[in-house]
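Enquirer: For this note's numbering, count along the sequence shown from 1 and bump the result up by 123.
From the three backbone atoms N, C-alpha and C, an ideal C-beta is built for every residue, glycine too.
Note that the structure is a prediction, hence the values are computed from the model and not measured.
Below: one structure in structure tokens.
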Amino acid sequence: ATYFNSSDLSGAGITRLEPDVNFEWGNGSPDGVNADNFSARFEGSLTPRHDEVYTFILNADDGVRLWVNGVRLVNRWEYAPHTDYAKLKLRGWQTLRDQTRVPRRHRRRDVAPRVANVPASLERSSRTRFCHPRRASRKACRKTRRCGSWRTLEASSWERKSRRRSTKNDAKLREVATREFNHLQPGSECMAVSTHDGSGDPLRLRLDASGRLEPFDTLVDAARQNDQSVQCFHLIWYIEAVWGTWLAQLSTDQRRSFMTNRLRDLLTRYQGRLEAWNVVNEAFSDDGTLRPREFQMEGKTNLNWVYDLGTGTEYIEEAFRLARAADQDAKLFYNDYGMEWGNAGNPNRKWLGVLNMVRDFEARGVPIDGVGFQSHLAIAWGSPPNMVNPDDTARDLAGYWRELYALNPKLEVRITELDVNIGEPSSLSETERLQIQARFFGNLTRACLSAPNCTGVSTWGVTDKYSWITKPEWNGKPENKPLMFDEGFQPKPAYYALRDALLGR
124 ATYFNSSDLS GAGITRLEPD VNFEWGNGSP DGVNADNFSA RFEGSLTPRH
174 DEVYTFILNA DDGVRLWVNG VRLVNRWEYA PHTDYAKLKL RGWQTLRDQT
224 RVPRRHRRRD VAPRVANVPA SLERSSRTRF CHPRRASRKA CRKTRRCGSW
274 RTLEASSWER KSRRRSTKND AKLREVATRE FNHLQPGSEC MAVSTHDGSG
324 DPLRLRLDAS GRLEPFDTLV DAARQNDQSV QCFHLIWYIE AVWGTWLAQL
374 STDQRRSFMT NRLRDLLTRY QGRLEAWNVV NEAFSDDGTL RPREFQMEGK
424 TNLNWVYDLG TGTEYIEEAF RLARAADQDA KLFYNDYGME WGNAGNPNRK
474 WLGVLNMVRD FEARGVPIDG VGFQSHLAIA WGSPPNMVNP DDTARDLAGY
524 WRELYALNPK LEVRITELDV NIGEPSSLSE TERLQIQARF FGNLTRACLS
574 APNCTGVSTW GVTDKYSWIT KPEWNGKPEN KPLMFDEGFQ PKPAYYALRD
624 ALLGR
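Shown next as structure tokens:
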């Protein structure tokens, strides 16, 4: 870092090696430089691992500029708190030497000393890594943790068609989703009820006259424009015959053909455009066995449409093999809920069932790249409500991730559908419940940062306004407020907790 006896980086400077970009006005400058009226330039080098578009993030409470590789990305030379984003395409393993400069200034002497923290970070749109100024060296950046910022948009998770139309035209939703998220997970746009139609040929994609698959094509195009990666939810889900009743009416052979065609057609159509796919979703019951042929939902008995497509996990294996044959590069995930608690003394049976399946797949060469932990959580469960400790949840998840890592270090884990219900207990104030919710978001993000195989943290929605947990058709209540942005799209404590975790605070 170089410090100047001016507020505009002019004059002779004093240089010293700094461990981070963090100092107090009043006593943070080196000897020979004004204590409070000075400016500073921080320089370092970093090495991106991939050819990719990266996003640099600067949080500052005063003037700041950022240069990378001779290009000025940020020029916010003003006395006010702000966050700035800048995107730049970089070549993998090409070291940017002495090109990252973060000047920081302050001139007011009438304020108390305060901490000035200006972290700069790198986000990769398909797998995120951060390079902070305090680690600005080639060695440090080569070892930067795979942090799963994946602060993910999932704007229409469990919403029916009427609700999807309302979110589609919400300009504020699009603005926040574009500004705050680098990865997108379609909620229903990729599901069978959206990509296929029983009124026509159910074995073919439902393309319009121009050859478009809407609304999924629009979503994928928007993600590409915004440098956001996309992970499809879900390719195979037992529950979809509830809404696509035509699926339940197909014969066993037709349903097998439907699965084959759906996997082949979608992965071939979007080859190279989607970063990852949830191949199979929620195949296991809570007791660790595969789901039965029939289940109760919406007041009726429904068909598990994949039940008789094979014995045991055969249909799951077939789905992963078909997916890999269609796209050699995309990440293929199994995804499920209810695997966020448990330990050796109180094992989670669903997790044990999933782990045994993955262990079997690994032994037999079935192509699977990772497991998604949905993480639909609550600060309290039961009646009367029992409080859940965010530290315990993060610890239990980290233990399961270590089990997968021990099985194969290449097996990834992702938190795929994070939301935290704060509807109970009513004995706590809303402020108290929001603070507990924030601990969940922060703790789980830190757990992901600490795990060598965790590559993503995704939220199941952007705003409480459209969350499935607030909707009466899902036994939800408005006071459940599970996401990082409130109904007015204002950030909640959970947003700041996740942000601080990503920035290492």
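From Asn425 to Thr375, what distance separates their C-alpha atoms?
Expert: So the two alpha carbons sit approximately 15 Å from each other.
Enquirer: Just list the alpha helix (DSSP H) runs in the stretch 481-552, keeping only unbroken ones of 4 residues or longer that don't cross its boundaries, in chain order.
Expert: 513-530, all fully within the stretch 481-552.
Enquirer: Buried or exposed: Arg237, going by 16 or more other Cβ atoms within 10 Å of its Cβ?
Expert: Residue placement at Arg237 is poorly supported in this model, since its pLDDT is 28, which falls under 50; the coordinates still yield a value, given next. Arg237 comes out exposed.
Enquirer: In angstroms, rounded to a whole number, what distance separates the CA positions of Thr138 and Val156?
Expert: Those two C-alpha atoms are separated by around 11 Å.
Enquirer: Among His306, Ser590, Gln377 and Arg378, whose alpha-carbon lies nearest the alpha-carbon of Cys355?
Expert: Here the closest residue by C-alpha is His306.
Enquirer: Taking Ile439 as the reference, give the member of Asp207, Tyr457 and Phe496 with the closest Cα.
Expert: Of Asp207, Tyr457 and Phe496, the residue nearest in Cα terms is Tyr457.
Enquirer: Are Glu602 and Leu530 touching if we call contact CB-CB under 8 Å?
Expert: Going by C-beta atoms, Glu602 is not nearer than 8 Å to Leu530.
Enquirer: Look up Phe612 in the DSSP assignment and say whether it is helix, strand or coil.
Expert: Reduced to three states, the DSSP call for Phe612 is coil.
Enquirer: Could you compute how far the alpha carbon of Gly134 sits from the alpha carbon of Pro153?
Expert: Taking the straight line from one Cα to the other gives about 16 Å.
Enquirer: Short of 8 Å in beta carbon distance, which residues of its chain neighbour Gln377, apart from the five on each side in sequence? Order them along the chain.
Expert: The answer, listed in chain order, is Pro325 and Leu326.
Enquirer: What does the Cβ neighbour count give for Pro631, buried or exposed, with the cut at 16 atoms within 10 Å?
Expert: An answer regarding residue 631 cannot be provided, because it is not within the stretch 124 to 628 covered by the chain.
Enquirer: Closest to Asp515 by CA distance: which of Gly465, Asn598 and Thr383 is it?
Expert: Per the Cα distances, Gly465.
Enquirer: Assign Gly334 to one of two classes, buried (16 or more other C-beta atoms within 10 Å of its C-beta) or exposed (fewer than that).
Expert: Its Cβ having fewer than 16 others within 10 Å, Gly334 is exposed.
Enquirer: Determine, using beta carbons only, whether Thr582 and Leu541 come nearer to each other than 8 Å.
Expert: A contact, by the Cβ cut-off of 8 Å.
Enquirer: Assign Asn479 to buried or exposed, taking buried as 16 or more other Cβ atoms, counted over all protein chains shown, within 10 Å of its Cβ.
Expert: Under this definition Asn479 is an exposed residue.
Enquirer: Note down, in chain order, each residue of its chain lying with its Cβ closer than 6 Å to the Cβ of Ile559, except the 5 sequence neighbours on either side.
Expert: Excluding positions up to five away in sequence, the list reads Ile502.
Enquirer: Can you tell me whether DSSP reads Cys313 as helix, strand or coil?
Expert: Residue state, collapsed to three classes: coil.
Enquirer: Return the bridge partner residues of Leu455 from the DSSP annotation.
Expert: Answer is Trp400.
Enquirer: Closer than 7 Å by C-beta to Tyr523: which residues in its own chain qualify, once you throw out the five before and the five after it? Chain order, please.
Expert: Same-chain partners within the cutoff: Met462 and Trp474.
Enquirer: Measuring CB to CB, does Asn576 end up less than 8 Å from Tyr619?
Expert: Not closer than 8 Å, so no.
Enquirer: Per the contact definition of three or more C-beta pairs closer than 8 Å, is the stretch 296-305 in contact with the stretch 348-366?
Expert: Yes: the two stretches touch, three or more of their Cβ pairs being nearer than 8 Å.
Enquirer: Closest by CA to Thr318, which one among Tyr361, Ala442, Asp388 and Lys295?
Expert: The shortest C-alpha separation from Thr318 is found at Asp388.
Enquirer: Assign Asn404 to one of two classes, buried (16 or more other C-beta atoms within 10 Å of its C-beta) or exposed (fewer than that).
Expert: Buried, because 16 or more other Cβ atoms sit within 10 Å of the Cβ of Asn404.
Enquirer: Look up Ala624 in the DSSP assignment and say whether it is helix, strand or coil.
Expert: Looking at Ala624 - three-state DSSP - the assignment turns out to be helix.
Enquirer: Between Lys454 and Asn566, what straight-line distance do the alpha-carbon atoms span, to the nearest angstrom?
Expert: Going by the C-alpha atoms only, they are around 26 Å apart.
Enquirer: Helix, strand or coil: how does DSSP classify Tyr126 here?
Expert: Three-state DSSP puts Tyr126 in a strand.
Enquirer: Go through its chain and collect everything with a Cβ distance to Glu277's Cβ below 6 Å, but skip five positions before and after it.
Expert: Note that Glu277 scores a pLDDT of 34, beneath 50, so its modelled location is shaky and nothing firm can be said.
Enquirer: Going by Cα to Cα distance, which pick from Met607, Pro616, Ala624 and Gln451 is closest to Val299?
Expert: Comparing Cα positions, the closest option is Met607.
Enquirer: Can you tell me which of the three DSSP states Trp428 falls into?
Expert: Reduced to three states, the DSSP call for Trp428 is coil.
Enquirer: Can you say whether Glu363 is buried or exposed, counting buried as having 16 or more other CB atoms within 10 angstroms of its CB?
Expert: That one is buried.
Enquirer: Which of the three DSSP states is assigned to Tyr619 in this structure?
Expert: Of the three classes helix, strand and coil, the one that applies to Tyr619 here is helix, per DSSP.
Enquirer: Below 8 Å between beta carbons: does that hold for Ala521 and Ala570?
Expert: Yes.
Enquirer: May I ask you to report which of helix, strand or coil DSSP gives Trp366?
Expert: In this structure, Trp366 counts as coil in the three-state DSSP scheme.
Enquirer: For Leu625, count neighbouring Cβ atoms within 10 angstroms of its own Cβ and tell me buried if that reaches 16, exposed if not.
Expert: Under this definition Leu625 is a buried residue.
Enquirer: What do you reckon, are the CB atoms on Val494 and Val429 nearer than 8 Å?
Expert: Result no, Cβ atoms of Val494 and Val429 do not sit closer than 8 Å.
Enquirer: Assuming contact is defined by CB atoms lying nearer than 8 Å, are Met314 and Val365 in contact in what I supplied?
Expert: The answer is no: Cβ separation not under 8 Å.
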